[in-house]
Every structure is written in C-alpha cells, then in structure tokens.
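Line by line, the protein sequences give chains A and B.
In terms of the UniProt record's numbering, the first sequence opens at residue 1 and continues consecutively.
In terms of the UniProt record's numbering, the second sequence opens at residue 1 and continues consecutively.
C-beta atoms are modelled at their ideal positions from N, C-alpha and C, and glycine is treated no differently.
Source: prediction; values computed, not measured.
Have a look at the structure below before the remarks.
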Amino acid sequence: MSAEMERPVAGPNYAAAARDAVLAGVIALGVFGPLIGFKTEQNMNNQLVVENRWGIVIVIVAIVVIGRFLLKAFVFPALVTRKANAGPASTDESFFKRNFKTIGLAFLLLYPVIIVSMLGYQQSIKWVDNFGIQILIYVMLGWGLNIVVGLAGLLDLGYVAFYAVGAYSYALLSSHFGFSFWLLLPLSGILAAMWGVILGFPVLRLRGDYLAIVTLAFGEIIRLVLINWREVTNGSAGISSIPKVDIFGWITFNVADPTYIGKILDLPPSSAYYKIFLYYLILALALFTAFVTLRLRRLPIGRAWEALREDEVACRSLGINTTNTKLTAFALGAMFGGFAGSFFAARQGFVSPESFVFLESAVIVAIVVLGGMGSMVGVAIAAAAMIGGTEILRELSFLKAVFGPEFNPDQFRMLIFGLAMVTIMVWKPRGFVGNREPTAFLHEKKSVSGSLVQEGHG
Amino acid sequence: MAEMIPSWETNPILSVEHVTMRFGGLVAVNDLSFKAGRGDITALIGPNGAGKTTVFNCITGFYKPTQGMLHLRHADGKPFLLERMPDFKISAKAKVARTFQNIRLFSGMTLLENLLVAQHNPLMIASGMTVLGVLGFAGYKKAEKHSIERAEYWLNKIGLYDRADDPAGDLPYGAQRRLEIARAMCTEPELLCLDEPAAGLNPRESGELNELLLGIRRDENTSLLLIEHDMSVVMEISDHVVVLEYGTKISDGKPEAVRNDPRVIAAYLGVDDEEVEQVEQALDVVTEEAQQ
Chain A
1 MSAEMERPVA
11 GPNYAAAARD
21 AVLAGVIALG
31 VFGPLIGFKT
41 EQNMNNQLVV
51 ENRWGIVIVI
61 VAIVVIGRFL
71 LKAFVFPALV
81 TRKANAGPAS
91 TDESFFKRNF
101 KTIGLAFLLL
111 YPVIIVSMLG
121 YQQSIKWVDN
131 FGIQILIYVM
141 LGWGLNIVVG
151 LAGLLDLGYV
161 AFYAVGAYSY
171 ALLSSHFGFS
181 FWLLLPLSGI
191 LAAMWGVILG
201 FPVLRLRGDY
211 LAIVTLAFGE
221 IIRLVLINWR
231 EVTNGSAGIS
241 SIPKVDIFGW
251 ITFNVADPTY
261 IGKILDLPPS
271 SAYYKIFLYY
281 LILALALFTA
291 FVTLRLRRLP
301 IGRAWEALRE
311 DEVACRSLGI
321 NTTNTKLTAF
331 ALGAMFGGFA
341 GSFFAARQGF
351 VSPESFVFLE
361 SAVIVAIVVL
371 GGMGSMVGVA
381 IAAAAMIGGT
391 EILRELSFLK
401 AVFGPEFNPD
411 QFRMLIFGLA
421 MVTIMVWKPR
431 GFVGNREPTA
441 FLHEKKSVSG
451 SLVQEGHG
Chain B
1 MAEMIPSWET
11 NPILSVEHVT
21 MRFGGLVAVN
31 DLSFKAGRGD
41 ITALIGPNGA
51 GKTTVFNCIT
61 GFYKPTQGML
71 HLRHADGKPF
81 LLERMPDFKI
91 SAKAKVARTF
101 QNIRLFSGMT
111 LLENLLVAQH
121 NPLMIASGMT
131 VLGVLGFAGY
141 KKAEKHSIER
151 AEYWLNKIGL
161 YDRADDPAGD
171 LPYGAQRRLE
181 IARAMCTEPE
191 LLCLDEPAAG
201 LNPRESGELN
211 ELLLGIRRDE
221 NTSLLLIEHD
231 MSVVMEISDH
241 VVVLEYGTKI
251 SDGKPEAVRN
261 DPRVIAAYLG
271 VDDEEVEQVE
281 QALDVVTEEA
291 QQ
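Written as structure tokens, this is what we have:
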C-alpha cells in the first residue's frame, strides 16, 4: 500500500503549493507581526520601551510557510490517494505491518546493544535506563492492568496500589531480612494478588462507576497507610539503600564485591552493566506477562473474562461464577503489578509514597485505553508513546534557543499529554489497535471490529 | 383421553409449587403452581404483564421468589430446590439453561467463542482450574477439541456453520435467536427455558425455529419450557400449555383444551386487538388443520 501512497492521483502541484504557502506566510506575518514582533517593557525609569522580536516572528512565519507548503504539496494529495485506495487495496498489508511483532521483539532484544555500540557504556545509561527500562515497566503495568480493564472490563483506577504493595514488599523484606530478589519477586506478586483478593471480595458486587470510585479510594488508602505508618514504612521519607539485584549470587553489581561483574568479566567498572542487566530483566518480566496473558486468553478463564465484559447476566445464565471470575482477573492483574513493583524498588534502590500517587494509576489506565482495550501490541505502543514521549521532552533543550532560557519543555508535559490523548481518541476512538483477535477459529481467523466489542460495565 | 392422568403429573421435571413473587406492593406472581413434564414442550402464555418472565427469572435464579418452592428432578432422580440456589449454580449444577427476551449474546466474540463460553465449567475442570492449562498440559487440548466438536454440531444444527468465525453481533436477528438457543444447549441442560424465542421472527424463520425446538426434544435429553406470544408456535409444538393472567394461573392442560377454555379466550379478548386477532387466527388455523 505504501508504494501507492507515494504516487498520488494528481501529482503534487508545487506551483500552487508555493503560491498558497506565500499567501499563508503573508497572513501569518500580518497576524503575528504586531502581536509577537513588538513587546513593551518598563525600563529603569519606569518608561515604556518598545522591544522588537523580529527573530521569533521570522521563525513562526517560516514554520507557517513551510508547513503550509508541505501540507498542500504532499499531505493533502496523499490523503486523497489514501481515500481513493481505501477498501480492497488496504487489506493488503505491508511487510512491516505483518511482521510487526517479530520486528518489535527483535528490536527490544537488540536495543541495549545498539545503544551501547553507538554511544559507549557511559553515554548509554540514560537511554537504557530512562527510556528502555522506564517504558518497559509501564508496558508491563499496562499488560497487567489490561487483564482487569481490557479483558474483564472492570475499571480499576487504583492499580498503583498493587504496584506499591510489590515495591514495599521487596523494599522491606530485602532490607530487614536480606532475602534475595529471586525469592521476593514471586512473593511480592503473591502479596499483591492477596491484596487484590482482599479488595476484590467486598468490591466486585459493585459495577461500573461505583467500582471505579472504590478502587480509586483503595489506591489512596494504600498510599496514606504508607505515609502514616512510620514505624514500618518510614513515612514520606521512604526506604532507601534497597539492595541491588544480583544474578543468583554468582555475579553481583557492587564494585566492592569480589564477584563484581567487572572483575569476573575483566571489564572496567561502570554502572551501565547493572542498567543493561535490569533492562533484560524487565524485558523478561514483561514478556512473561504477555506470554501468560496470551495463554490465559485461550483458556476458559480468559474467555469467561471477555464474556463477562460483553454481558454479565448472560454469563451467569451459562453457569459461570462471575464473582470468582472477576476475582481471578483482579488477583492476576494485581500479581503482575506486584512483580513490576518489586522490580521498580530494586531498580530505584529507593521507594517512597511519592511514586504511587493517583496520577500513576491514571497514566496506566490511559495506556490501556489508548492502546486499545485488550490488545497487547496496542498497549506496548501506547506505553512507548506516552512514557517515551514525556521523557523525550527533557531532551528538547534546543527549544530554549527559540523560546528563551526560562523555557522548560518538561513543564508542558501534562498539557501535551492531555492534547495528545484527546487527539488520539478523536482519531482512533477504540485506541491504537481497535480490533479484537478471536481466541479460537474453525475456518479462518478474522479480527472482530471494535464497534461490536463492549467496554464492560464493571 | 380426558380421564387419563397427563404425563406431566406422573413424571414432572419441574414442579412449581405455590410460588409468589412480590415487588414492594406489586404482586407479579400469585400462588402459582404447575408442573412441566419430562421430555415435553411446556408453553407458558398470557397477556403482556401477566408475570411470565418473572416466573422464568424465579426458575433460573435471577429472582428469589417471595414464597413457594421450585422443585427440579433430573432423569437420574437427583432433586434440586431451585429457590435455594444462586443463579450460576442453577445452570451449572441443576442444568437449567435459558435464553433472554432481549437477546444477550457476547456480540464482540465469534459464534464459536460464544459456544465455547457456554462450555465453561467442563473446560475449566479440564484445564485444572487454569493451572494445568497455562502450563500446557495435553488434557486441556483434548477437552477443547471435544468442545469445539460440540460447538460445530450445534452450528450445523442451527445452520450457521459457515459463519462460525464471524462476530455474533454481525448476525441477522433471526440467526442471533438461533445462536442463543444453541449456546444454551451447549451447557447440556436438562431443562431449557426459552423467553419468547419467536419474537421478531418472520414466518419462515418461525418455522425453522419450530423445527429446531422439535429436534431438540427429539434428539437431546432436554425438556423445554417456553414463553411465547406467537400462537402458531404454541399450538403447533407444545404438549402442555399453562396460561397466566395478572400473575395467576387461569388454565392448564393440553393445547386443544386450553384453546377452548372460555377464561383463556376472555383473557385474550380483554387485551388489545392485535393479540385477539393473533389468537383467533391461530385458532382458525388449528381448527382447519384438525378438520383436514
């Protein structure tokens, strides 16, 4: 399809586009010239002084001219062609689209290698840690919550509570009792699942909005307990110097240890090894989540979750114990949240209630909704776009040259975040991947249009 | 004939005994008793608002009756008191399946998936309550294959085999009705309760439905209980008719006996013209057939 898209029906008309662009530029100059070009300021003597800012005006007008030219010359014809080609031609998927999962997986596996070979160990830390690990944590959380929200259709706004349970389980049990990460990883998952069941029992008779409110409250309760139960959790100060993960005690990442990875492999000491190890660890955890979820979808329990999302009354008429089915969804979602939490604690080396505010829950829910409820690939893309996007904002320091030295793109994070959400939901109301993949088929696998799939009512 | 004790009295699958259902001050069902015979098609008819669906909801556990007893006995003699069981157990243990007046399919799931969800409980056991299934044990694969065969059997029966991989929400109305019946049958019920299965069907589809229901009675060990407004369906296929008006039973017996019951005619004459016409037409049809 891409080959056809580049060859529009009525080739780009550069002359008309240039004319249009100049016209747009004149209008932009007329509008922005007076508005931005002049700035009045008081000087030392309280006199108003006019200051000219022609540089910014020129930049803005240039953006308008170039943007209008590109729109007119390339984007509009491409859209027309795409409309003309829509229908039978569009079912013919490109190589990239067909093999998206394989390519994505290969990229994830090779990512640290690529980064290290491009930037060297020391420079790679930021890209592996802030981008790779950070995004993968959210991919895992998104996939965990996807079981609850996407498959079972239960809106859980307090998911971060289970993340917190997992993180504090690891932080407390490892610093007080010195248990290893490999023991505490499953244990934190089990503890989080237990809390999922404890919350689930009274709550799951509620539906829709009411369930959402109670789960939201539960998230806040856990956070407030963490703040106020000072004797155990050390309050808002949090728990620091949480032990690092090691590879089953054979290889460690503390420079002082005799088993330090640098000494074993004869490498110069660097904190990059630990980050790369953590990257592969979270990748493995996320893939484990994906594997289990994909398996579960093909099992009766997974089908029952989806049936529950479609119609709860019909489920009961077919002999499905809806309470237990909801509880398993809740507990399993919580378990993966707990795994992610213990990883988070190990990676940060520090946990405090600050990390488990409602905004985190909202971001995870947003990732699931944005990705397309129930879709694994969609959730991964959404996590990469949202978390990677906000991290990218920190890298845009060149914008300071345009907007002045006080400009901090990071402050616009929530604004851009909100705008992007609205835009995407208008453009793709069912999320990035709006179609549902059936779990079994007789003749051929056809994906189900999102318009037929219910969102669930609790 | 008339002196013979009817079969539903001697071998009932379901006995409804003195069931009353009150919603606040409203008495929806008032001291209702009737029996549904094993292997029979029992029809529950009555004007709108007579309490038919309420009786259904009591039988299938969606409502708990205010008073009375619902006694179900399996072919092997196992008794169940339905009013004491939660709704999902009535389907899972007592083997009572139902369909709904407003179709309740899993519209975003394919036909095959709909029929697989109906076999949830046996599959759940086969997957070792999910644990063995996640680990990929072979027993589950075998059970799933068996379930898919069962689904194929029902898809063939309702004539939707070719559409197995389409979403249920894409089906036309009549096919959705048939799929809902097939889904209920996949739970292997002893008693199948159908809430207005012929509503909204054209005459041809209605005929196909009759075939399907008669086929179920003939080939499966399932008794049927149905609510119906379409008198041609009621008179043609049912063995036993129970008539309700204002929550009270006004007539009970073989279709031809009920048809001539003056109280039934009065009840139907008392409601709007359309339904009277339906009754009259149905009566004409049936009498003509009888004369021939």
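Self-check item: Within-9 Å CB hit, residue 499 of chain A to chain B
Solution: The structure shown does not extend to residue 499 of chain A, since chain A is modelled only from 1 through 458, so no value can be given for it.
Quiz prompt | Backbone secondary structure at residue 255 of chain B - three-state DSSP | solution = helix
Quiz item: Between residue 115 of chain A and residue 127 of chain A, is the Cβ-Cβ spacing less than 9 Å?
Solution: yes
Quiz item: Is residue 38 of chain A buried or exposed, if buried means 16 or more other CB atoms sit within 10 Å of its CB?
Solution: exposed
Quiz prompt | Residue-chain proximity (residue 91 of chain A, chain B), Cβ-Cβ < 9 Å | solution = With a pLDDT of 49 at residue 91 of chain A, under the threshold of 50, the modelled position of this residue cannot be trusted; read the value that follows with caution. Taking Cβ atoms only, chain B never reaches closer than 9 Å to residue 91 of chain A, which makes this a no.
Exercise. Using a threshold of 9 Å, state whether the C-beta atoms of residue 37 of chain B and residue 223 of chain B are closer than that.
Key: Contact flag set, yes.
Exercise. Starting from the beta carbon of residue 445 of chain A, find every residue of chain B whose beta carbon is closer than 8 Å, and list them in chain order.
Key: Neighbours of residue 445 of chain A on chain B, chain order: 165.
Quiz item: DSSP state of residue 190 of chain B, grouped into three classes?
Solution: coil
Exercise. Under 7 Å between beta-carbons, which chain B residues line up against residue 188 of chain A? List them in chain order, please.
Key: Chain B residues near residue 188 of chain A: none, gap ~20 Å exceeds 7 Å.
Quiz item: Within 10 angstroms of its Cβ, does residue 381 of chain A collect 16 or more other Cβ (buried), or is it exposed?
Solution: buried
Exercise. Would you please state the rounded distance, in angstroms, between the beta carbons of residue 264 of chain B and residue 250 of chain B? I believe it to be under 8 Å.
Key: The Cβ separation is near 7 Å, so the contact holds.
Exercise. Determine the direct distance from the alpha carbon of residue 135 of chain B to that of residue 300 of chain A, and round the result to whole angstroms.
Key: 14 Å
Quiz item: So, does the CB of residue 104 of chain B fall closer than 9 Å to a CB anywhere in chain A?
Solution: yes
Practice problem: Would you decide whether residue 84 of chain B is buried or exposed? Buried here means 16 or more other CB atoms lie within 10 Å of its CB. | Solution: exposed
Quiz item: Based on the DSSP output, what are the partners of residue 347 of chain A in its beta bridges?
Solution: Per DSSP, none; premise fails for residue 347 of chain A.
Exercise. Say whether chain A places a C-beta atom closer than 9 Å to the C-beta of residue 14 of chain B.
Key: No, because no Cβ of chain A sits closer than 9 Å to the Cβ of residue 14 of chain B.
Exercise. Would you mind working out which of A/432, A/404, A/408, A/402 sits nearest residue 395 of chain A, comparing C-alpha positions?
Key: A/408
Exercise. Report the option in A/149, A/368, A/370 whose CA atom is closest to the CA atom of residue 326 of chain A.
Key: A/149
Exercise. Ignoring anything shorter than 4 residues or poking outside the region 61-121 of chain A, list the alpha helix (DSSP H) runs there in chain order.
Key: Scanning the region 61-121 of chain A for uninterrupted alpha helix (DSSP H) segments of 4 residues or longer gives 76-85, 95-98, listed from N- to C-terminal end.
Quiz item: Would you call the CB atoms of residue 453 of chain A and residue 310 of chain A closer than 9 Å?
Solution: yes
Quiz item: Looking only at C-alpha atoms, which of A/13, A/288, A/14, A/57 sits nearest to residue 29 of chain A?
Solution: A/57
Quiz item: Under the DSSP definition of a beta bridge, which residues are partnered with residue 44 of chain B?
Solution: B/227, B/242
Practice problem: Give the DSSP-derived three-state secondary structure of residue 98 of chain B in the structure shown. | Solution: strand
Practice problem: Give the secondary structure of residue 250 of chain B by DSSP, where H, G and I count as helix, E and B as strand, and everything else as coil. | Solution: strand
Exercise. Would you check if the region 75-84 of chain A and the region 239-248 of chain A touch, i.e. whether three or more CB-CB distances between them fall below 8 Å?
Key: no
Practice problem: Please list the segments of the alpha helix (DSSP H) lying wholly inside the region 53-110 of chain B, counting only runs of 4 or more residues, in order along the chain. | Solution: 87-92
Quiz item: What does residue 311 of chain A touch in chain B if you count any residue whose Cβ is under 7 Å from its own?
Solution: 104, 106
Exercise. Spatial neighbours of residue 145 of chain B within its chain, please: CB distance less than 8 Å, with the 5 preceding and 5 following residues excluded, ordered by chain position.
Key: none
Quiz item: Bridge partners of residue 42 of chain A, per DSSP?
Solution: A/48
Quiz item: What residue does the beta strand (DSSP E) around residue 20 of chain A start on, and which one ends it?
Solution: Element bounds for residue 20 of chain A: not the beta strand (DSSP E) but the alpha helix (DSSP H), 14-37.
Quiz item: Is it true that the CB of residue 183 of chain B sits closer than 9 Å to the CB of residue 114 of chain B?
Solution: yes
Quiz item: If you draw a straight line from the C-alpha of residue 50 of chain A to the C-alpha of residue 342 of chain A, how long is it?
Solution: 58 Å
Quiz prompt | Proximity below 9 Å, CB of residue 68 of chain B to CB of residue 19 of chain B | solution = Yes.
Exercise. Please decide whether residue 160 of chain A counts as near chain B, where near means a Cβ-Cβ distance under 9 Å.
Key: Cβ-Cβ to chain B under 9 Å: no for residue 160 of chain A.
Exercise. Ignore the nearest five residues each way along the sequence and tell me which others in residue 202 of chain A's own chain have a CB closer than 6 Å to its CB.
Key: none
Exercise. Whole angstroms is fine: what's the gap from residue 22 of chain B's alpha carbon to residue 29 of chain B's?
Key: 7 Å
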